[in-house]
Structures are given as C-alpha cells and as structure tokens.
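First the structure, in the form of structure tokens, and then the observations on it.
Residue numbers (UniProt numbering): 1 to 309.
So this is what it looks like as structure tokens:
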C-alpha cells in the first residue's frame, strides 16, 4: 500500500485558477472506490488552463490502478491535501500488479511549495526532469525511482530572476537512471538568494548517464556567457553515498560552484563511476571537475576531484 500525503501546499492560487475538486465529481472518501471521480476530475483539469486538481483534506480516498494521461493544455497543480490509498482488493490488480498510479505523456513531475511528501516506486519516462524539486519544498523523499529517458532528478532550478529560493531535507534513495542527460542534479541561477541544504542522494545506479553527479550554481540558458553575479543560492550539506555505474561522458562528477558562495559540506562516500565509450563499449577511468566546492571523500571514491584523496 502506498499512501501519499502533502501536509502543506503552496499559498492560495491566483484568482484565474480553476479548481477541480474530486468531490465535485462524485468522490466520497468513504472507503469505497473513488477512481471514476478522479478520472473525470483529471480529464476536465487536463483540458483546462491554469487548473488545480484538488484532493481535499480530512478525507481518505481509495483508488484502483489508475492512469492519468497527458499531454494537457497547460501546466497545472495536482494538489493533495487529503490521503490517497491503494485499493486493498487483489482482484483489482489482475491486469497490472506492478503499478498503481501512472502519469503518462507528461513533461515532468514538479514538487513546489510542499512539505512532507513521499514519492515511491515510480517509473518515469519523459522529455524533461523526471522529478524537479523547486522552491518552498521541505522534507521530500523519493524512493524506488526508475528514470529514463529524461533529464534526471533535479533540485531546481532555483533563484531565477534574482529570486529567493529555499529547499531543505531532501532524500533520494534507491534509484536507477538509464540514458538520461543528468542523474542527480542541483541547479541554481547566478544572482539568486536563499539555500538548498540537507540533501542526500544514496543507493543509485547510473546506466549511460551523461552527467551522473552535478551541481551547477552558474546555470545560464543563453549561448553567450552570463554576466557574473555576486549573489548565489547557497548549496550546503549534500551527501552522495553508494552511487555506481556508467557515465556517457568523461566527466562523471561535476561541481561548478559559485566563487562568492562556494558549495559547503559536500560528502562523497562509496562512489564508483566509470566512463563507457560508445565506440568500443569498454569502461575507462572517468574524471571529476570541481570548482569552488568544499568537500570530503569517505570510503572508495572514483573519480575523485583533483587534489582530493
């Protein structure tokens, strides 16, 4: 059984947002199946603009295996204030015993302004971030994630337009990335403020991932170099533990941190990443590139930042 509960959501939506409350589509939260009501609410929200799909608080809803399909007309919020539980009847899983809730043909899964959320046992195939954790998120845990294709799991981007961002207490545990452009990434814009702290990435397998481990505090979305800024989102207390597999590029570990606000308290423990060349498919020694990162190694770490042993 998987229970998902968001204890605190984003601030009140803008006036133009249209709320699609599952109760308005017949959901009762009385222990009986509410799948059809969820499907109808999703269908309407997906075809609308500036929508909020709302699961109200103080109720527990039971769902059979269900698929929420896109693409949708525009990005919208899937707001869970109550509790969703899987159907307890084994007969409901005769067609597919591996999956309960499926989101398909969507560009990405974004966690924003959310506290206390568990994302567990998900297969995500997308053209963007498999999971993106952005400002206002705290106490987020992602476990048993299979990602690919896609852009990996990202914290950020944070601090765009010199804004202030806050993300803390994030754990990504037991994940596999296959053919993704990134594995686990922290991405912040120059000129931003705030912090990304207390983050753990552990028990992860990389399979032909272009950037398996990356922190980019100098994110820039233009061809020409962005003007250097004095401010930056502070990245600190980040642990990478038991991460292994193959990198699609020679640089498997890349820390491009701010000169003004260096990455603090970065720990690499039991890392084993090799570069696998596409031409001959033979594993070779990978490299690490580390700028303005204050870090420590523990156990066997390969590749290592120059000067670190």
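Backbone N, C-alpha and C fix where the C-beta goes; we use that ideal spot for every residue, glycine too.
Check: Who are the Cβ neighbours of residue 8 in its own chain at under 6 Å, not counting the five residues just before and after it?; Outcome: Unreliable placement is indicated for residue 8, whose pLDDT of 35 sits below 50; the coordinate value is still reported in the next sentence. The residues are 115.
Check: Could you check which residue in 297, 221, 51, 233 has the C-alpha nearest to that of residue 253?; Outcome: 297
Check: Residue 314 bridges to which residues according to DSSP?; Outcome: Nothing can be reported for residue 314, as the shown portion of the chain is limited to 1 through 309.
Check: Between which two residues does the beta strand (DSSP E) carrying residue 85 extend?; Outcome: 83-86
Check: Which residue from 212, 155, 232 puts its Cα closest to that of residue 363?; Outcome: Lying outside 1 to 309, the shown extent of the chain, residue 363 is not represented and no answer is given.
Check: From this set, 238, 92, 78, 215, which residue's C-alpha is nearest residue 288's C-alpha?; Outcome: 215
Check: Check for me: the beta strand (DSSP E) holding residue 68 runs from which residue to which?; Outcome: 66-69
Check: In chain order, which continuous runs of the beta strand (DSSP E) of length 3 or greater are located wholly inside the stretch 135-180?; Outcome: 137-147, 153-158, 164-178
Check: Whole angstroms is fine: what's the gap from residue 22's alpha carbon to residue 49's?; Outcome: 17 Å
Check: Near residue 220, what residues of its chain come up, given a Cβ to Cβ distance below 7 Å and the 5 sequence neighbours on each side ignored?; Outcome: 226
Check: Suppose the cutoff is 7 Å on Cβ atoms and the five residues either side in sequence are ignored; what does the same chain contact list for residue 125 look like?; Outcome: 148, 149, 150
Check: If the criterion is Cβ atoms closer than 9 Å, does the pair residue 129 and residue 146 meet it?; Outcome: no
Check: Using a Cβ-Cβ cut-off of 6 Å (strictly less than) and excluding sequence neighbours within five positions of residue 266, which residues of its own chain qualify?; Outcome: 238, 293, 295
Check: Mapping DSSP to helix, strand and coil, what is residue 76?; Outcome: coil
Check: Just how far apart, CA to CA, sit residue 181 and residue 27?; Outcome: 40 Å
Check: From the DSSP output, in three-state form, read off residue 109 for me.; Outcome: coil
Check: How close, in whole Å, do the beta carbons of residue 174 and residue 139 come, if the pair is a contact with beta carbons under 8 Å?; Outcome: Not quite, the Cβ-Cβ distance comes to about 18 Å (not below 8 Å), so this is no contact.
Check: Could you tell me the distance, in whole angstroms, from the CA atom of residue 52 to the CA atom of residue 229?; Outcome: 36 Å
Check: Where does residue 223 land, buried or exposed, given buried means 16+ other C-beta within 10 angstroms?; Outcome: exposed
Check: Residues bridged to residue 190 by DSSP?; Outcome: 232
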